[in-house]
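Numbering (my numbering), first residue to last: 51 to 446. C-beta atoms are modelled at their ideal positions from N, C-alpha and C, and glycine is treated no differently.
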Ligand code: ADP
């Protein structure tokens with residue numbers, strides 16, 4: 051029997067949804083409402099009875115979810131006709147309170163509200179999605195699945211920043227890590243590809259989408275991850291800088307009179323591939339690089355060099371590595387990134403096979419006899435959210 055979960059990912063001006071069978075991972079319908087609150091919003095819905103693609107004003111998240119419910123009626127499947135067991139909500143920041151997904155109640159909403167200072171862009175939108183969905187779908191259980199939860203297993207020496215203890219105690223300054231739902235899903239899939247139990251394998255998982263993060267996974271648990279207090283730290287991303295000297299903030303304040311907010315915004319929205327090459331989309335960077343654009347060439351080199359440094363660092367953290375796993379848009383599709391990031395690491399037992407890397411249709415990009423496998427695994431955060439929501443219900 052199928053067990054459908056309506057998975058909701060609410061952003062500040064968007065609402066992404068999908069109706070997923072937690073058992074098979076199959077999506078019965080998917081949809082996205084974008085530019086909520088603007089003059090013309092955009093709504094796409096893919097259902098069994100057809101697709102919708104409309105531009106019309108959608109005032110707020112409540113109107114967006116109402117539009118989604120109407121699209122389910124028109125293009126299927128009608129929500130009343132499907133056996134929906136839960137609504138699963140993606141929540142970005144669970145702080146150190148949430149090491150696992152949890153049933154939504156008023157206490158959870160209060161706790162996630164308290165975490166808003168740690169994720170001022172994301173948690174308010176996620177809360178809005180939860181509140182609207184609880185109003186419109188009051189008879190279903192709602193489950194919050196946190197991006198940070200998978201990384202709550204980091205040991206103190208990995209999550210602690212060497213800063214004054216008052217910062218840590220009063221403001222919760224520490225590494226939390228993100229993309230946990232994806233890292234957890236991909237680790238499970240990688241173990242399956244290796245034909246081993248996830249508890250027996252050590253993995254370096256590289257999630258390379260618009261946001262990018264690396265995680266060291268020992269026996270199925272996260273022991274270190276590259277994103278920190280916020281998703282800014284670590285790898286080079288589409289528009290985020292990743293690691294840099296923390297003194298840059300103060301330096302820019304002194305020499306350019308830039309406020310903390312201005313520098314923060316630039317590091318989050320104007321940096322990364324965009325800051326280096328002018329384009330944040332990896333495919334565009336590749337096109338420019340192929341056309342001989344020097345800035346795009348440097349962007350590619352900086353991006354891959356940072357990846358290589360994390361592979362080396364997490365190799366040392368884990369001691370023994372069974373596989374390096376690439377996922378998300380760039381990780382799955384950019385063979386040149388995989389080759390460049392792992393180039394010259396044969397001494398560590400990492401042997402990329404150029405032919406398999408170019409078309410890793412069975413998931414393997416390494417040579418048959420490579421001691422460390424190189425895997426390419428599609429992520430599926432919606433399925434993982436659906437599965438975790440069902441697990442929470444089962445444990446009640
Ligand atoms: P998100 O993080 O928003 O979920 P994705 O995982 O879809 O995003 O990743 C988006 C990134 O993947 C973009 O930079 C895009 O250019 C890149 N990407 C998608 N397809 C390809 C491809 N075929 N080759 C190289 N990069 C790709």
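| Item | Value |
| --- | --- |
| CB-CB under 6 Å to residue 68, same chain, minus the five flanking residues each way: which ones, in chain order? | 57, 77, 80 and 432 |
| Let's see if you can read the secondary structure: which residues bound the beta strand (DSSP E) around residue 91? | 91-97 |
| Using C-beta distances below 6 Å, list every residue in its chain close to residue 376, excluding the 5 sequence neighbours before and after it, in chain order. | 256, 388 and 426 |
| So who's on the other strand from residue 77, going by DSSP bridges? | 70 |
| Please state the DSSP three-state secondary structure of residue 201. | helix |
| Starting from residue 216, follow the alpha helix (DSSP H) in both directions and report where the run begins and ends. | 215-221 |
| Suppose you measure from the CA of residue 241 to the CA of residue 235; what does that come to, to the nearest Å? | 10 Å |
| Would the C-beta of residue 336 count as close to the ligand ADP, meaning under 7 Å from any of its heavy atoms? | yes |
| Going along the chain, which unbroken runs of the alpha helix (DSSP H) with 4 or more residues stay wholly within the segment 371-417? | 378-383, 385-392 and 404-408 |
| Within 7 Å: the Cβ of residue 196 and any heavy atom of the ligand ADP? | no |
| Between residue 209 and the rest of its own chain, which residues show a CB-CB distance below 7 Å, the 5 nearest in sequence each way excluded? | 224 and 225 |
| Specify whether the segment 117-134 and the segment 94-101 touch according to this definition: at least 3 beta carbon pairs, one from each stretch, less than 8 Å apart. | yes |
| Whose C-beta lies closer than 6 Å to the C-beta of residue 281 among residues of the same chain, with five residues either side of it excluded? | 228 and 261 |
| Beta-carbon within less than 8 Å of residue 163's beta-carbon, same chain only, minus the 5 sequence neighbours each way: which residues are those? | 173 and 177 |
| How would you write the range of the alpha helix (DSSP H) that residue 322 sits in, first residue to last? | 322-327 |
| Would you mind stating whether residue 258 and residue 380 have Cβ atoms separated by less than 8 Å? | yes |
| Inspect the beta-carbon positions of residue 195 and residue 440 and report whether they are closer than 8 Å. | no |
| Considering only heavy atoms of the ligand ADP, list every residue whose Cβ is less than 5 Å from one of them, following chain order. | 259, 260, 331, 332, 333, 378, 379, 380, 383 and 384 |
| Tell me the residue span of the beta strand (DSSP E) that contains residue 56. | 54-60 |
| Hey, quick one: how far does the alpha helix (DSSP H) through residue 332 stretch, first residue to last? | 332-340 |
| Suppose contacts are defined by Cβ-Cβ distances below 8 Å. Is residue 321 in contact with residue 285 by that definition? | no |
| Would you identify the three-state DSSP class for residue 125, choosing helix, strand or coil? | helix |
| Looking at C-alpha atoms only, which residue of 275, 133 and 153 is the closest neighbour of residue 71? | 133 |
| Just verifying my parser: in three-state terms, what is the DSSP assignment at residue 252? | strand |
| Taking a contact to mean a Cβ-Cβ separation below 8 Å, would you say residue 144 touches residue 231 in this structure? | no |
| Go ahead and pull the three-state DSSP assignment for residue 140. | strand |
| What did DSSP end up calling residue 148 once you bin it into helix, strand or coil? | coil |
| Which one of 130, 180, 141 and 185 has the shortest CA to CA distance from residue 169? | 141 |
| Within the 8 Å Cβ cut-off, does residue 440 reach chain C? | The structure shown contains no chain C; it holds only a single protein chain. |
| Skipping 5 residues on each side, what residues in its chain have a beta carbon closer than 6 Å to that of residue 59? | 66 and 140 |
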